[in-house]
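**Q** Handing you a structure now.
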């Protein structure tokens, strides 16, 4: 650190070191991202964040059952992964029970994941613009996937040729 | 996840041979220096001093400032763990310099001392505390009541007092808030200290502003951003169960909304 010597020596005739900073021209300090000031906007007054938090906990519990069940059926039980084919999927989706299972899993997993990513974006995107566009991309992808999946589950036709 | 710490063993240093009578050891303090009037870069500087390991880190900083380098800058007021001025990151963990004994830091290795994170460093170990106190102000940390003032004290049962006893211990040193990874990334998060001080009034039976404070903490930057990493509980020099207090505010929000 230059504090111990340079300030003590002071100016030397003719050798004048290029001092960029002094008491009147201090170096820029490094500010933390988005610090709180008196002008920080107050909240929206809605319970959205609370519902999002609750949804993560509740959907998480349901997803543990749904996903582990799904993985067991698809990968472990009754011949494992080799049995999966068009016929296997068609057979399962003939039953309303598996339709509801897959539909619930699709919606819960997509919303759970999207909300998690929303949290990550809120945490790590520093500029307002970056945050906005990342979230728009996320919401678009989520809506597209959820709607497409729902459409397929409900309109699936096993007699396709 | 705890605050990353550099020291592993907590064993006491052996007294040097030949100086068995002397309590003094030679310890190296590696201090993060920043002086905007000289350079835009922060640098580590080593100071080797001879000191009694039963002394505190604050005593070592005093010794350095008074006997070695007077430009070393840090805050301290009471020097006895009450005013909360000298929170700093010692060996990678937020602590009060005045409550940390050198012998507990494995002084045979260099002891690192740097400013707390997430706040603007102004010089050496001094940070700009304004954003921290802004969050504190925003939760309205004062008694709010309706109606006429009583002519005598506002009485409270021992059980009612016990309910928020833990959070009355806060000394606003910012060790918890500046150990919080959410606060590092987004300084608009209220942070543990502000929530602890809101908790102190939300659960006070004499206070009637709890609903207002809950509404404030229900917001985007409020308690729902807490990721329960427990860094704050680990950092608190007063032993406040900070994460528990935050969770209690969350629970109060949920039970009062449904």
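Chains as they are written, first to last, in UniProt numbering: chain A, 1 to 161; chain B, 1 to 258. The beta-carbon is built from N, C-alpha and C at its ideal position, and this holds for glycine as well.
With 7 Å as the threshold, decide whether the Cβ of residue 43 of chain A is near any Cβ in chain B.
**A** Answer yes: the Cβ-Cβ gap between residue 43 of chain A and chain B drops below 7 Å somewhere.
**Q** May I have the straight-line CA-CA distance separating residue 39 of chain B from residue 183 of chain B, to the nearest angstrom?
**A** Cα to Cα, the separation comes out at about 27 Å.
**Q** From this set, B/236, B/217, B/208 and B/205, which residue's C-alpha is nearest residue 195 of chain B's C-alpha?
**A** Of B/236, B/217, B/208 and B/205, the residue nearest in Cα terms is B/217.
**Q** Per the DSSP calculation, residue 44 of chain B is bridged to which residue(s)?
**A** In DSSP, residue 44 of chain B forms a bridge with B/32.
**Q** For my contact list, residue 28 of chain B and residue 46 of chain B are in at a C-beta cut-off of 8 Å; report their separation, rounded to the angstrom.
**A** Residue 28 of chain B to residue 46 of chain B, Cβ: 5 Å. Contact.
**Q** Please identify the residue among A/93, A/108 and A/114 whose C-alpha is closest to the C-alpha of residue 157 of chain A.
**A** Answer by Cα proximity: A/93.
**Q** Nearest chain B C-beta to residue 102 of chain A closer than 7 Å, yes or no?
**A** It does not; no Cβ of chain B falls within 7 Å.
**Q** If you pair each beta-carbon of the stretch 17-26 of chain A with each one of the stretch 185-199 of chain B, do three or more pairs fall below 8 Å?
**A** No, the stretch 17-26 of chain A is not in contact with the stretch 185-199 of chain B.
**Q** Using a C-beta cutoff of 7 Å, does residue 105 of chain A count as contacting chain B?
**A** False, the Cβ-Cβ gap to chain B never drops below 7 Å.
**Q** Using CA coordinates, which residue listed in B/199, B/221, B/181 and B/211 is at the minimum distance from residue 228 of chain B?
**A** The residue with the shortest Cα to Cα distance from residue 228 of chain B is B/181.
**Q** Can you give the Cα-Cα distance for residue 230 of chain B and residue 174 of chain B, rounded to whole angstroms?
**A** For residue 230 of chain B and residue 174 of chain B, the distance between alpha carbons rounds to 15 Å.
**Q** For residue 54 of chain A, return the contacting residues in chain B, with the cut-off set at a CB-CB distance below 8 Å.
**A** Here the neighbours are 254.
**Q** Output, in chain order, the set of chain D residues within a Cβ distance shorter than 8 Å of residue 40 of chain A.
**A** Here the protein chains are A and B, and chain D is not one of them.
**Q** Please decide whether residue 51 of chain A counts as near chain B, where near means a Cβ-Cβ distance under 7 Å.
**A** Judged by the 7 Å Cβ criterion, residue 51 of chain A is not in contact with chain B.
**Q** Give the DSSP-derived three-state secondary structure of residue 22 of chain B in the structure shown.
**A** Note: residue 22 of chain B maps to coil in three-state DSSP.
**Q** For residue 88 of chain B, does the three-state DSSP call read helix, strand or coil?
**A** Reduced to three states, the DSSP call for residue 88 of chain B is strand.
**Q** Quick check: what's the CA-CA separation for residue 86 of chain A versus residue 214 of chain B?
**A** About 53 Å.
**Q** Below 8 Å, can you find three or more Cβ-Cβ pairs linking the stretch 240-258 of chain B to the stretch 90-100 of chain B?
**A** The stretch 240-258 of chain B, when compared against the stretch 90-100 of chain B, does not touch it at the 8 Å Cβ threshold.
**Q** Cα-Cα, which of B/177, B/32 and B/123 is closest to residue 134 of chain B?
**A** Out of B/177, B/32 and B/123, B/177 has the C-alpha closest to the C-alpha of residue 134 of chain B.
**Q** So, with DSSP's three-state summary, where would you put residue 218 of chain B?
**A** In the structure shown, residue 218 of chain B sits in coil (DSSP, three-state: anything other than H, G, I, E or B).
**Q** Return the CA-CA distance between residue 172 of chain B and residue 143 of chain A, expressed in angstroms with no decimal places.
**A** In a straight line, the C-alpha of residue 172 of chain B is about 44 Å away from that of residue 143 of chain A.
**Q** When you compare each of B/253, B/222, B/71 and B/220 to residue 123 of chain B by their alpha carbons, which one comes out closest?
**A** Answer by Cα proximity: B/71.
**Q** Classify residue 74 of chain B as buried or exposed, calling it buried when 16 or more other Cβ atoms lie within 10 Å of its own Cβ.
**A** Buried, because 16 or more other Cβ atoms sit within 10 Å of the Cβ of residue 74 of chain B.
**Q** Cβ of residue 10 of chain B less than 7 Å from any chain A Cβ?
**A** Bear in mind that a pLDDT of 49 at residue 10 of chain B, under 50, signals an unreliable position, so the number given afterwards is only what the model happens to contain. Answer no: the Cβ-Cβ gap between residue 10 of chain B and chain A never drops below 7 Å.
**Q** Does any CB atom of chain B fall closer than 7 Å to the CB of residue 139 of chain A?
**A** No - not a single Cβ of chain B is within 7 Å of the one on residue 139 of chain A.
**Q** Establish whether the CB of residue 135 of chain A and some CB of chain B are separated by less than 7 Å.
**A** Not an interface residue.
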